[in-house]
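First to last, the protein sequences are chains A and B. Going by the numbering used here, the first residue of the first sequence is number 6, and it counts up by one from there. Going by the numbering used here, the first residue of the second sequence is number 6, and it counts up by one from there. All C-beta atoms, glycine included, are put in the ideal place defined by N, C-alpha and C. Predicted, not measured: the structure shown is a model, and the values here were computed from it.
There are 2 protein chains.
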Amino acid sequence: MTEPRWLNADERRAWLAQLSINTLLPAALDTQLHAAGKLSLFDYNVLAMLSEAEGRYLPMSELAARTSASLSRLSHVVTKLQNRGWLERRPHPGDARVTTAHLTDAGMATIAGLAPGHVEAVRSLFLDALDPDDVAALARIGEKIVSRLDTDHWILRDNTLPPA
Amino acid sequence: MTEPRWLNADERRAWLAQLSINTLLPAALDTQLHAAGKLSLFDYNVLAMLSEAEGRYLPMSELAARTSASLSRLSHVVTKLQNRGWLERRPHPGDARVTTAHLTDAGMATIAGLAPGHVEAVRSLFLDALDPDDVAALARIGEKIVSRLDTDHWILRDNTLPPA
DNA sequence: CGCGCCTGGTTGAACCCTCAAGCTTCGAGT
DNA sequence: ACTCGAAGCTTGAGGGTTCAACCAGGCGCG
C-alpha cells in the first residue's frame, strides 16, 4: 500500500477552480433559462441538439450521447418536454427497439427565441472572462479531459468518412 | 435589438467540452465515492473543507462559500451528515444567529479513509489527462472564470494581511 | 429605546436525477 | 426455427436540490 500522491499547488488550484465552475456556471445558466422560459440548462441542450440535427430528430441513444446523459434521465426529460408540446416521440421504421425524438415547430420556435439570450449569458459568464488564446487553450485542454472521461465521446468524432 | 454574436469554432469547442466535463466528471466521482462510502462529491467536499479548517469547524455561511453551495442546500446536507455522526451543529458564542458545523472524530476518520481513493480518482479522471503546462494553464484560466462567476469567491482570497 | 432592515439559518413542498428492475426487439449461433 | 444474450428504452421509488416562506438575532438610526 503506497502513500497517495497529494496534489501540488497548481493541481490543487486547477481542481478547486474546476469544482467551483462546475457548481456556479450551471447554476447561473439555469437561473437565466428558468427566468426566460422555465427550463433548465439540460432541457435547453436537448432542444438545441435536436435543432441542429438533420431532420430535427435523433434516436434517444444518440440524443443521450450528445447531451452526456443517461438514457433514463433523458427519457424522463423527453416526457416532460413532450407534455409541453416541444417534441414528439416516434417509432423508428427500421428498428422497432428505437424511439426517435422529433422537435416540433413549437419547440423550434421556443429554442429560437431563447437562443440569443442564452448565448449572451454563456458569453458574459464564461467566454468574456477569457482572451482568444485562453479560449483556444481551454478548447484543447477540455477535449483532452473529455477524451479521458469518455474515449468515444461524440464531440471527439471526426467527420471524415471511415477508410474504404 | 442587435444580432447576437454566435460562437466561433474555438468558443464552441471550449463550451461544449466544458458542458461535457461538467456532466461527466462529477458523475464519475460520485460513483467512486458512493461505492467507497455512500456519499456524494458534495458531501465529501463538506467534510474536506471542515477537515482543513482551523479547529475543524466553520460557520454555515463560510462552509457554504467554500463549497459554492446555497445555505439551503448546505443545511439539508449538514442535517444528513449529522445523522450519520460525522458532524455536529453548535451555536456560535459571539453571535446567536450563527451556527457552526464541527467535524466529529468519526467524521475525521471517515474522510481520512476516503481521501486516498478520492485523490486517486481525481488524478485518473482529470489530472492525468494533462501535462504540467496544461495544469498550470488550466489553473490560471479556471481562476479567471471563477472570478467572473463570483468576484469574491474564497479561492481568490489572498492570505496576506490587509494594510494597517 | 423602538423601529425597520439586514444577516444567518431552517424548513417543507415541488421538482429533478439516479438506480434497479423490467419489457420488447434484434441478432448470432446452432 | 429456437434460444440466449445484448441493445434500446421506459418506469417507479428513493433521495437530492431548489425555491419561497419564514424566524430570530443583530445593527443602524431617529
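Distance check for residue j and residue i, CA to CA, integer angstroms please.
i, j, result
"A/A134", "B/I160", "17 angstroms"
"A/A32", "A/R10", "32 angstroms"
"B/F47", "B/S129", "19 angstroms"
"A/W82", "B/L21", "Rather than Trp, the amino acid found at residue 82 of chain A in this sequence is Val. The alpha-carbon atoms of A/V82 and B/L21 are separated by roughly 20 angstroms."
"B/A111", "A/G42", "45 angstroms"
"B/R71", "B/A58", "10 angstroms"
"A/V103", "A/M65", "7 angstroms"
"B/S75", "B/L86", "16 angstroms"
"B/G90", "B/T109", "7 angstroms"
"B/S152", "B/H158", "7 angstroms"
"B/A69", "A/V127", "24 angstroms"
"A/D163", "B/I26", "19 angstroms"
"A/D136", "B/A142", "13 angstroms"
"A/L55", "A/T105", "10 angstroms"
"A/I146", "A/A114", "35 angstroms"
"A/L92", "B/L30", "29 angstroms"
"B/E16", "A/R18", "23 angstroms"
"B/G60", "B/H107", "8 angstroms"
"B/I150", "B/V51", "22 angstroms"
Taking 9 angstroms as the CB-CB limit, is residue i close to chain A?
i, result
"B/G147", "yes"
"B/T28", "yes"
"B/T114", "In the sequence under discussion, the amino acid at residue 114 of chain B is Ala, which differs from the Thr named in the question. Chain A, which has no Cβ nearer than 9 angstroms to the Cβ of B/A114, makes this no."
"B/D100", "no"
"B/E93", "no"
"B/T72", "yes"
"B/L143", "yes"
"B/S66", "no"
"B/P121", "yes"
"B/A169", "Note on B/A169: pLDDT 36, under 50, position unreliable in the model; no value is reported."
"B/N50", "yes"
"B/A33", "yes"
What does residue i touch in chain A if you count any residue whose Cβ is under 9 angstroms from its own?
i, result
"B/E57", "Per Cβ cutoff of 9 angstroms: no residues; B/E57 is ~11 angstroms from chain A at best."
"B/V127", "L12, E16, W20"
Return no unless some Cβ of chain B is closer than 9 angstroms to the Cβ of residue i.
i, result
"A/A22", "yes"
"A/D163", "no"
"A/T84", "no"
"A/A19", "yes"
"A/R10", "yes"
"A/A134", "yes"
"A/R61", "no"
"A/L166", "In this prediction, A/L166 has a pLDDT of 49, which is less than 50 and means its spatial position is unreliable; what the coordinates show is noted afterwards. No, its Cβ sits nowhere closer than 9 angstroms to a Cβ of chain B."
Anything in chain A within Cβ reach of residue i, meaning under 8 angstroms, just list it in chain order.
i, result
"B/L39", "A small correction: the amino acid at residue 39 of chain B is His; Leu does not occupy that position in the sequence shown. Per Cβ cutoff of 8 angstroms: no residues; B/H39 is ~15 angstroms from chain A at best."
"B/A53", "The contacting residues do not exist; B/A53 stays about 10 angstroms from chain A at best."
"B/D155", "S25, L29"
"B/A69", "Those do not exist, as B/A69 stays about 11 angstroms from chain A at its closest Cβ, beyond 8 angstroms."
For residue i, which beta-bridge partners are listed by DSSP?
i, result
"B/A106", "B/L63, B/R94"
In chain B, which residues lie less than 7 angstroms from residue i when you measure between Cβ atoms?
i, result
"A/H158", "S25"
"A/L130", "R153, L154"
Can you find a heavy atom of the ligand GTP that lies under 8 angstroms from the Cβ of residue i?
i, result
"A/T28", "With respect to small molecules bound, the structure shown includes none, and the ligand GTP cannot be examined in it."
If the cut is a Cβ gap below 8 angstroms, which residues of chain B does residue i touch?
i, result
"A/D15", "P137, V140, A141, A144"
"A/A117", "Chain B residues near A/A117: none, gap ~11 angstroms exceeds 8 angstroms."
Chain B partners of residue i, CB-CB under 9 angstroms?
i, result
"A/V124", "P9, R10, W11, L12"
How do the stretch 32 to 41 of chain B and the stretch 112 to 122 of chain B stand: do at least 3 beta-carbon pairs fall below 8 angstroms, yes or no?
Judged by Cβ distances under 8 angstroms, the stretch 32 to 41 of chain B makes contact with the stretch 112 to 122 of chain B, as three or more pairs qualify.
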